[in-house]
Amino acid sequence: MANHTDEMTYSFEIDNFSQRNTIFRTPIFSTRSCNWFVYVYPKGDKISKNMSLWLKVPDPLLRPLCWSRQTSFRFVVVNPSDVNSSRSFKSIDPIFNKGQPFWGFRTDLSLSKLQEGNFLVNDKLKIEVYIGTISVHGGLDPHVLPEKKKETVCVNGFQVRDSQVKSAKWIFETYPETVLYIQPRDPQLKTAYMNILLRIYEKLYNSPLEKLTEGELSNISKGLLDLTQAGFKLEWKKLSGYEAQAKELEKQLKSLELMMCNLKAEIKLKAER
Numbered sequence: 001m002a003n004h005t006d007e008m009t010y011s012f013e014i015d016n017f018s019q020r021n022t023i024f025r026t027p028i029f030s031t032r033s034c035n036w037f038v039y040v041y042p043k044g045d046k047i048s049k050n051m052s053l054w055l056k057v058p059d060p061l062l063r064p065l066c067w068s069r070q071t072s073f074r075f076v077v078v079n080p081s082d083v084n085s086s087r088s089f090k091s092i093d094p095i096f097n098k099g100q101p102f103w104g105f106r107t108d109l110s111l112s113k114l115q116e117g118n119f120l121v122n123d124k125l126k127i128e129v130y131i132g133t134i135s136v137h138g139g140l141d142p143h144v145l146p147e148k149k150k151e152t153v154c155v156n157g158f159q160v161r162d163s164q165v166k167s168a169k170w171i172f173e174t175y176p177e178t179v180l181y182i183q184p185r186d187p188q189l190k191t192a193y194m195n196i197l198l199r200i201y202e203k204l205y206n207s208p209l210e211k212l213t214e215g216e217l218s219n220i221s222k223g224l225l226d227l228t229q230a231g232f233k234l235e236w237k238k239l240s241g242y243e244a245q246a247k248e249l250e251k252q253l254k255s256l257e258l259m260m261c262n263l264k265a266e267i268k269l270k271a272e273r
């Protein structure tokens with residue numbers, strides 16, 4: 001029986017997602033001497049109007065009649081604004097063969113649900129593919145593509161992008177208690193939280209504070225709250241002469257929260273009239 005893997009096999013992004021009405025197909029990718037590709041119906045197929053995701057074997061008609069392949073796999077539809085809201089769709093060890101070369105899911109994710117849940121960033125949707133141990137009968141693929149070089153590096157148990165390694169190492173070395181008490185044990189969830197931390201870090205230290213929009217301030221506030229609740233200690237935000245900047249940010253966040261409360265009260269008052 002195939003086992004699920006905690007290591008991501010492949011990831012891709014769909015640009016202009018809300019405008020797409022036809023099938024989106026990824027390039028062929030490889031893992032464990034087997035080729036695959038994913039195709040997506042952004043707005044559903046003839047059966048469902050929700051997004052559907054399918055993992056498929058290339059060129060099934062060219063394979064021997066006795067050929068088959070069994071594996072576990074899952075898709076993760078990434079919510080960059082809230083990692084806890086990312087959606088995972090897991091298979092139960094399906095068998096791919098010449099007569100059934102694809103397996104997948106008709107999800108409950110409509111375009112409106114993706115938009116309202118903030119899954120789309122600049123109308124772009126990110127999807128990750130995880131493929132477990134593969135059992136093959138009837139021969140491996142004759143022309144296996146080289147596996148794509150990983151774009152992430154493991155730093156203190158967290159997968160981070162090459163460009164973020166320096167920032168991550170600085171945080172870990174300077175303030176090792178940052179991640180001592182984090183509650184999530186799932187490695188993917190931990191890494192997702194770390195990605196939020198690094199994005200906030202880069203936003204605060206690489207962008208002039210006065211150029212941050214209210215939307216960016218709101219996202220930073222929500223991200224800091226999520227990280228704190230997950231057990232991250234964020235004393236690093238006060239380092240290297242940036243304490244005044246951090247205090248100013250906190251002041252602006254409080255002002256923004258007050259404004260939002262007043263706006264909600266005004267809307268409620270108008271609704272009651």
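Mapping of the sequence shown onto full-length UniProt numbering: position 106 corresponds to residue 106, and the numbering continues sequentially without gaps. Idealized CB from N, CA, C, for every residue including glycine.
Problem set entry | Uninterrupted alpha helix (DSSP H) stretches inside the UniProt domain "MATH" (7-131) (no shorter than 4 residues) | 111-116
Problem set entry | Nonlocal neighbours in the same chain, by C-beta distance under 6 Å from Gly-223, ignoring five residues either side | Ile-196 and Ile-200
Exercise. Using a Cβ-Cβ cut-off of 6 Å (strictly less than) and excluding sequence neighbours within five positions of Lys-126, which residues of its own chain qualify?
Worked result: Glu-13 and Val-78
Problem set entry | Per DSSP, cross-strand counterpart(s) of Phe-158 | Val-155
Problem set entry | Own chain, CB closer than 7 Å to Leu-111, minus 5 neighbours either side, in chain order | Ser-18 and Lys-43
For this session: Return the residue from the list Leu-55, Glu-116, Arg-69 and Asn-122 that minimises the CA-CA distance to Phe-89.
Result: Leu-55
Exercise. DSSP three-state call for Val-136: helix, strand or coil?
Worked result: strand
Exercise. Given Val-40, which residues of its chain have a CB within under 6 Å of its CB, disregarding the five upstream and five downstream residues?
Worked result: Phe-24 and Leu-53
For this session: Go through its chain and collect everything with a Cβ distance to Leu-198's Cβ below 7 Å, but skip five positions before and after it.
Result: Val-160, Gln-164, Ser-167 and Ala-168
Exercise. Going by C-alpha distance, which of Val-83, Tyr-10, Arg-74 and Asp-82 is nearest Pro-94?
Worked result: Arg-74
Exercise. Do Gly-139 and Trp-36 have their C-beta atoms within less than 8 Å of each other?
Worked result: no
For this session: Kindly give me the distance between the Cβ atoms of Asn-50 and Leu-109, rounded to whole angstroms, as I take these residues to be in contact under 8 Å.
Result: 6 Å
For this session: Taking Arg-32 and Ile-171 to be in contact with their CB atoms under 8 Å, please state how far apart those CB atoms are, rounded to whole angstroms.
Result: Actually they are not in contact, since the Cβ atoms of Arg-32 and Ile-171 sit about 34 Å apart, beyond 8 Å.
Exercise. Are the Cβ atoms of Val-83 and Tyr-10 separated by less than 8 Å?
Worked result: no
For this session: For Arg-20, I'd like the list of residues in its chain whose CB is within less than 6 Å of its CB, leaving aside the five on either flank, ordered along the chain.
Result: Pro-42
Problem set entry | CB contact flag (Ser-91, Asn-219, <8 Å) | no
Exercise. Straight-line CA distance for Asp-45 to Phe-102?
Worked result: 15 Å
Exercise. Roughly how many angstroms lie between the CA atoms of Cys-154 and Ile-131, to the nearest whole one?
Worked result: 19 Å
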